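With positions in the sequence shown counted from 1, the corresponding number in our numbering is that position plus 428.
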Amino acid sequence: IGQNFIKLSSVDSTNNFLKQCLANSEPLTEGTVIMADEQFAGRGQLNSKWLSETGKNLTFSLYLKPHFLPAMHQFYLNIAISNGINRALRDAFGINATIKWPNDIYYENKKIGGVLIENILSGHHIKHSIIGIGLNINQSIFQEELKTKASSLQLILQQRVNILQVLNEICKHIEVEYLKLRSNKLELLTTDYLAHLFKYKLPSLFRINGEEKLGTIVGINEQGNLMLNLDDKISVFGFKELEFIID
Ligand code: BTN
């Protein structure tokens with residue numbers, strides 16, 4: 429992963445760039461990484477925008493071909509990627525990061541990174557996977573509404589961090605997790621994921637159908653839905669069905 433590396437100074441979105449390569453039937457090697465100093469139309473989950481100060485953060489997309497993965501198990505790819513980023517931050521930088529379901533990267537109560545995976549299916553399998561990763565590295569000033577919600581490696585470690593070093597560590601650790609996925613070690617992947625899951629087994633507030641509710645995350649199912657204990661009953665939620673309320 430990352431052997432084939434392309435660095436762009438400016439692009440709309442590195443995910444779009446890879447999509448365009450596929451649309452033009454350009455040959456793409458599995459493991460290709462496209463990184464950009466600036467994205468002028470960076471995208472986040474649920475049609476949100478991904479904002480990142482030019483040259484200060486890590487924004488890249490990785491191309492994988494997980495042909496072996498049935499579409500119904502595609503969430504395990506999210507798990508492998510989140511685990512890889514998390515391990516890189518922990519092992520190489522000593523940051524006690526967590527994964528906020530489904531695949532945000534958190535430090536304490538603040539978001540430091542996000543993942544946008546776009547899979548192209550063929551029948552019941554994944555044909556192409558575009559994995560976009562954004563991680564705040566040296567940005568120290570955030571716009572007003574993000575101030576209490578966002579952080580960066582520099583703010584956490586109190587020193588400048590080398591962006592390419594972070595990329596290198598993430599690629600290394602994602603490769604390890606991807607090999608686990610390829611050898612179908614799904615339980616091991618899930619155990620590691622839950623071990624670092626934000627608010628796992630801790631009572632927390634959620635907004636569900638516009639209502640605030642206290643619930644406790646007790647697990648995820650095979651489709652990657654969140655299992656919550658609400659009023660002593662286990663309920664299952666998809667990504668769009670609930671929102672965390674973080675103080
Ligand atoms: C999220 O937290 O909502 C996901 C954010 C994903 C951002 C990355 S930055 C590189 C890649 N290109 C994009 O346009 N988005 C992803």
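We treat Cβ as the ideally placed atom computed from N, Cα and C, and that holds for glycine. Quick caveat: nothing in here was measured; it's all calculated off a predicted structure.
**OP:** Can you list the residues near the ligand BTN, meaning Cβ strictly closer than 6 Å to any non-hydrogen atom, in the order they appear in the chain?
**Re:** Proximity annotation: the ligand BTN has residues S441, T442, N443, Q467, G470, R471, G472, Q473, S476, W478, T487, F488, S489, D532, G542, V543, L544, G560, I561 and G562 in chain order, each selected because its CB is closer than 6 Å to a heavy atom of the ligand.
Subject >> Coarse secondary structure for A525, derived from DSSP in three states >> reply: Locating residue 525 in the sequence shown gives position 97, where the first residue counts as 1. Under the three-state reduction of DSSP output, A525 falls in the coil class, being neither helix nor strand.
**OP:** Spell out the partners DSSP gives S579 in its beta bridges.
**Re:** Here residue 579 refers to the residue found at position 151 of the sequence shown. For S579, which the question treats as bridged, DSSP gives no partner whatsoever.
Subject >> I429 versus I565, S579, V604 and K539, residue with shortest Cα-Cα distance >> reply: Numbered from 1 along the sequence shown, position 1 holds the residue referred to as residue 429. For I429, the nearest C-alpha among the options comes from V604.
**OP:** Could you say if the region 578 to 593 and the region 467 to 476 meet the contact criterion of at least three C-beta pairs nearer than 8 Å?
**Re:** Judged by Cβ distances under 8 Å, the region 578 to 593 makes no contact with the region 467 to 476, as fewer than three pairs qualify.
Original post:
Rounded to a whole number of angstroms, what is the C-alpha to C-alpha distance between R635 and S453?
Top reply: The residue labelled residue 635 in the question sits at position 207 within the sequence shown. The residue labelled residue 453 in the question sits at position 25 within the sequence shown. R635 and S453 have their C-alpha atoms roughly 43 Å apart.
Subject >> Cβ contact (3+ pairs, closer than 8 Å) linking the region 617 to 635 and the region 517 to 530 >> reply: With the cut-off at 8 Å, the region 617 to 635 and the region 517 to 530 touch.
Original post:
Do the CB positions of H553 and L497 come within less than 8 Å of each other?
Top reply: One-based indexing of the sequence shown puts residue 553 at position 125. One-based indexing of the sequence shown puts residue 497 at position 69. Yes, the Cβ-Cβ distance between H553 and L497 is below 8 Å.
Original post:
Of all the options L517, N506 and K555, which has the alpha carbon lying nearest to the alpha carbon of N531?
Top reply: Position 103 of the sequence shown holds residue 531. N531 has its Cα closest to that of N506, out of L517, N506 and K555.
Original post:
Can the beta-carbon of Q502 be found closer than 8 Å to that of N432?
Top reply: Start at 1 with the first residue of the sequence shown, and residue 502 comes out as number 74. Start at 1 with the first residue of the sequence shown, and residue 432 comes out as number 4. No, the Cβ-Cβ distance between Q502 and N432 is not below 8 Å.
Original post:
With burial defined as no fewer than 16 other Cβ atoms inside 10 Å of the residue's Cβ, what is the status of I673: buried or exposed?
Top reply: Translated into positions along the sequence shown, residue 673 becomes position 245. Classification for I673: exposed.
**OP:** Have a look at N443 and G666 and give me their C-alpha separation to the nearest angstrom.
**Re:** By 1-based counting over the sequence shown, the position of residue 443 is 15. By 1-based counting over the sequence shown, the position of residue 666 is 238. Computed Cα separation, rounded: 23 Å.
**OP:** State the CB to CB distance for the pair I565 and L581, rounded to an integer number of angstroms; the pair is presumed to be in contact (CB under 8 Å).
**Re:** Here the question's residue 565 lines up with position 137 in the sequence shown. Here the question's residue 581 lines up with position 153 in the sequence shown. Sure, about 5 Å apart at Cβ, within 8 Å.
Original post:
Enumerated in chain order, which unbroken segments of the alpha helix (DSSP H) with a length of 4 residues or greater are wholly contained in the region 598 to 639?
Top reply: Uninterrupted alpha helix (DSSP H) stretches at least 4 residues long and entirely within the region 598 to 639 occur at 614 to 623, given in chain order.
Original post:
Can F503 be considered in contact with the ligand COA, in the sense that its beta carbon sits closer than 7 Å to one or more heavy atoms?
Top reply: No copy of the ligand COA occurs in the structure displayed; its ligands are the ligand BTN alone.
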